[in-house]
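Take a look at the structure set out below.
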Amino acid sequence: MSDGTAKTEKVQTRVAVSGARGRMGRMTCSAIRADADLILSAAIDPAYSWEGSLREEGDSAGDAQRFADLEEAVAAVELDVVVDFTTPSSVRENVLACVRGRVPVVVGTTGLGPSDLADIEKEAESQGVPVLVAPNFAMGAVLMMQFTRQAAEYFRACEIVELHHDGKLDAPSGTSLLTRALVEEVWRERELEREVPIHSVRLPGLVAHEEVIFGGLGETLIVRHDSLSRESFMPGVILAVKRVRGLQGLVVGLENIL
123 MSDGTAKTEK VQTRVAVSGA RGRMGRMTCS AIRADADLIL SAAIDPAYSW EGSLREEGDS
183 AGDAQRFADL EEAVAAVELD VVVDFTTPSS VRENVLACVR GRVPVVVGTT GLGPSDLADI
243 EKEAESQGVP VLVAPNFAMG AVLMMQFTRQ AAEYFRACEI VELHHDGKLD APSGTSLLTR
303 ALVEEVWRER ELEREVPIHS VRLPGLVAHE EVIFGGLGET LIVRHDSLSR ESFMPGVILA
363 VKRVRGLQGL VVGLENIL
């Protein structure tokens with residue numbers, strides 16, 4: 123006998139991944155498909171225009187619709203969120219296309235400059251569409267930046283070394299630029315105008331690493347974070363996908379949704 127209680131069907135968040143054939147894109151597709159609250163509705167990558175690429179080895183899009191063009195995907199599929207892991211040369215236009223299509227965006231691609239962010243912020247506010255830009259999705263990296271900000275209150279000399287795999291296209295990394303901005307913000311509050319040098323290393327065998335070195339009288343302090351696998355980014359990516367729709371306008375940094 124029925125107890126008269128209506129069962130409500132769980133509504134999954136419909137997600138598209140732009141850059142689905144890249145290393146981060148493939149892993150993001152797999153993570154979304156493994157989460158019961160999410161559904162991978164579309165996978166977007168120029169590689170899908172190549173004959174034979176739809177099911178080639180390494181593709182992790184499952185049953186999602188595949189598109190070579192982002193704007194085509196946004197127009198054709200009902201989407202709640204787009205995740206962008208593409209390239210520095212294309213990310214700005216990708217984000218603006220999503221915002222104009224009124225789809226919230228999670229951006230993991232680095233390379234957005236101040237003018238790019240200003241354009242995105244203006245369009246996001248105009249359209250009423252949230253955009254989350256995260257230079258780093260690893261929880262440990264977020265903590266590293268928080269610890270660095272604290273240390274900057276007590277030290278007046280600092281340099282940053284960021285190390286990444288040799289396939290990373292941009293240098294310095296987005297994480298190191300944000301870390302530098304945090305240190306320099308603290309210093310400006312204390313009327314210290316000084317730039318933090320950043321040293322970039324690109325080598326095979328690395329994934330993503332950052333070391334912030336502070337120097338004082340007779341001592342040094344090193345704050346370091348190491349991502350040993352891209353798996354370290356996935357909890358942050360999934361969290362961002364689930365929370366971006368609750369934001370307003372442009373938000374930079376994963377720490378704003380923790």
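Everything in the sequence shown is counted per our numbering, starting at 123 for the first residue and increasing by one. Think of the CB as a built atom: it goes at the ideal place given N, C-alpha and C, for glycine as much as any other residue. Being a predicted model, the structure only gives us computed values, none of them experimental.
Taking the CB atoms as reference points, tell me whether residue i and residue j lie closer together than 8 Å.
i    : j    : result
V334 : T301 : yes
V137 : G147 : no
H331 : G262 : no
E245 : L218 : yes
I161 : A142 : no
V203 : A164 : no
A190 : S211 : no
N258 : L376 : yes
L328 : H286 : yes
For residue i, count neighbouring C-beta atoms within 10 Å of its own C-beta (all shown protein chains included) and say buried if the count is 16 or more, exposed if not.
i    : result
G289 : exposed
N378 : exposed
L325 : exposed
A116 : In this structure the chain extends from 123 to 380, so residue 116 is not present and cannot be described.
E315 : exposed
R278 : exposed
A186 : buried
T201 : Contrary to the premise, residue 201 reads as Leu rather than Thr in this sequence. Looking at its Cβ environment, which holds 16 or more other Cβ atoms inside 10 Å, L201 is buried.
V227 : buried
G230 : buried
A197 : exposed
E284 : buried
S354 : buried
D181 : buried
S351 : exposed
Give me the Cβ distance between residue i and residue j, rounded to the nearest whole Å; I'm assuming they're in contact under 8 Å.
i    : j    : result
D206 : I360 : Not really, about 15 Å apart at Cβ, beyond 8 Å.
E215 : L372 : Not confirmed; about 16 Å, so no contact.
(message) Counting beta carbon pairs with one atom in the segment 267 to 284 and one in the segment 302 to 310, are three or more of them shorter than 8 Å?
(response) Flag = yes, the segment 302 to 310 and the segment 267 to 284 touch.
(request) Scan the segment 222 to 268 and note each continuous beta strand (DSSP E) run of 3 residues or more that stays entirely inside, going in chain order. (result) 227 to 229 and 253 to 255
(message) To test your reading of the DSSP string, which unbroken alpha helix (DSSP H) runs of 4 or more residues are found completely within the segment 278 to 360?
(response) 296 to 311
(request) Starting from the N-terminal side, write out each stretch of the beta strand (DSSP E) that is 3 residues or longer and does not extend beyond the segment 146 to 228. (result) Taking only runs of at least 3 residues, the beta strand (DSSP E) segments lying wholly in the segment 146 to 228 are 160 to 166, 187 to 189 and 203 to 206.
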